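Take a look at the structure below.
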Amino acid sequence: MNLIGNVIWLIFGGIIASIVWFLAGLIMCITVIGIPFGVQCFKISKFVLWPFGKELELGHFGAGGLTFNIIWLIVFGWEFAIAHLVIGAIFCITIVGIPFGLQHFKFAKLGLIPFGAKIH
Numbered sequence: 001m002n003l004i005g006n007v008i009w010l011i012f013g014g015i016i017a018s019i020v021w022f023l024a025g026l027i028m029c030i031t032v033i034g035i036p037f038g039v040q041c042f043k044i045s046k047f048v049l050w051p052f053g054k055e056l057e058l059g060h061f062g063a064g065g066l067t068f069n070i071i072w073l074i075v076f077g078w079e080f081a082i083a084h085l086v087i088g089a090i091f092c093i094t095i096v097g098i099p100f101g102l103q104h105f106k107f108a109k110l111g112l113i114p115f116g117a118k119i120h
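Going by the working numbering, the sequence shown wraps up at 120, each residue one higher than the last.
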C-alpha cells in the first residue's frame, strides 16, 4: 500500500513539492548563516518526495537545536505549517484524499520544528 500511495503522491505533486523544498534549501545555503536552515529544507525535501511508510519523531534537539527551531518558527515555520494544515484539511474532505491529508499534517509538524526531528 505504501508503494502505491507514494507513486500516486509523486504523480500528483510530490515531485514538484520536493523540488520547491530543495530550491528553498539552495537559496538558504547562499549565506553561511542560512546553511543550517538549508540543510533542514533538504531533509524535508527528501521526506516530501516519498512520505508514505515513514514516521516522524520530534523533540531530539539540544540547546542549539532549540535556538534554531525558535528562529525557524518565527521566520518561516508558521507559514509552512499553516499551508500544510490547510492543504491537509482540503484533502481530508473526501475519503480518497484522507491518506494524502494525513501526510500533509506530518509535514505541518515538521514545518514547525525541523531541527532534531528524526524520520524513520
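Think of the CB as a built atom: it goes at the ideal place given N, C-alpha and C, for glycine as much as any other residue.
On a predicted model such as this, the values are computed, not experimentally measured, just so you know.
- For F105 and I70, the gap between their C-alpha atoms comes out near 20 Å.
- Per DSSP, reduced to three states, the secondary structure at E55 is coil, with no helix or strand assignment.
- The DSSP-derived three-state label of I93 is coil.
- Judged by their CB atoms, P114 and K54 are not nearer to each other than the 8 Å cut-off.
- Residue environment for A24: buried (at least 16 other C-beta atoms within 10 angstroms of its C-beta).
- Under DSSP, K118 takes part in a beta bridge, and its partners are E57.
- A distance below 8 Å separates the beta carbons of G111 and A81.
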